[in-house]
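For the sequence shown, the residue numbers in our numbering are 280 to 464.
A short write-up of the structure that comes next.
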Amino acid sequence: MKPNKQIALTFAKRQTPLSRFSHFEGTESELISLIIENLDNAFLGYRSGVYHVPVPATKFKSGIVELQEGDPLYGSFESRKQGEEPRKVIMSGSRDKLPAMSAEIILYHRTVLEEEAGYKAAADWEIISINASPISTPTPQTPQALIANHFELSGGTKTRMSSDKFESALRESVMFWKNKVMCGS
280 MKPNKQIALT
290 FAKRQTPLSR
300 FSHFEGTESE
310 LISLIIENLD
320 NAFLGYRSGV
330 YHVPVPATKF
340 KSGIVELQEG
350 DPLYGSFESR
360 KQGEEPRKVI
370 MSGSRDKLPA
380 MSAEIILYHR
390 TVLEEEAGYK
400 AAADWEIISI
410 NASPISTPTP
420 QTPQALIANH
430 FELSGGTKTR
440 MSSDKFESAL
450 RESVMFWKNK
460 VMCGS
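Structure below.
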């Protein structure tokens with residue numbers, strides 16, 4: 280099942296200019312139009328019902344910063360949305376968002392989202408994440424997100440990965456994120 284034009288901006292609404300996350304510097308309707316224009320480039324993510332849609336990086340800012348020795352870090356223990364258990368979050372307090380060199384939108388199909396008890400999808404496909412990178416290649420999920428998904432922690436979406444595939448994905452994630460964090464907000 281490839282993504283169709285029934286797309287809603289839901290979980291990624293938290294990705295704003297004032298957040299620590301990557302964001303789109305346009306309207307919600309412009310973002311959805313951009314996704315629809317690029318659906319032919321969509322490819323399957325870590326499981327059925329999860330798609331990556333590469334989009335032009337124009338109008339995207341990346342919240343990812345590469346750490347330098349001595350950079351101050353700070354953390355919090357917070358829920359991503361109401362009703363979800365809190366998670367540990369570590370951020371840089373010393374950097375601003377950079378223009379993105381690559382960007383992709385992560386879409387989840389309603390069947391994946393509705394695996395969570397009580398969840399009612401807003402459309403066939405929901406924008407779960409705006410991934411904008413300061414480098415020309417897409418970025419892997421953070422180790423924390425991958426672990427939460429794989430082990431079905433609160434707010435995690437089942438990966439259905441084999442142990443070998445999970446280990447490979449986790450290795451790629453750790454190697455990328457070992458010297459990077461999201462900028463502080």
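Glycine included, each C-beta is placed from N, C-alpha and C at the ideal position.
Only a predicted model underlies this, so the values are computations on that prediction, with no experimental measurement involved.
Residue state for K292 is assigned as helix, using DSSP reduced to three classes. A check of alpha carbon separations from K457 across I343, T337 and A321 identifies I343 as the nearest. Under DSSP, V329 shares a beta bridge with Y387.
When only Cα atoms are considered, V332 and H388 end up about 13 Å apart.
In this structure S452 does not touch S412 by the C-beta definition: roughly 14 Å separates them, more than the 8 Å allowed.
A distance of 8 Å or more separates the beta carbons of K338 and F290.
In the DSSP annotation of this structure, the continuous segment of the alpha helix (DSSP H) that includes I311 starts and ends at E307 to E316.
Excluding five sequence positions before and after L310, the CB atoms of its chain that fall closer than 7 Å to its own CB belong to L288 and F303, given in chain order. Residue burial is scored here from C-beta neighbours: I369 has fewer than 16 other C-beta atoms within 10 angstroms and is therefore classed as exposed.
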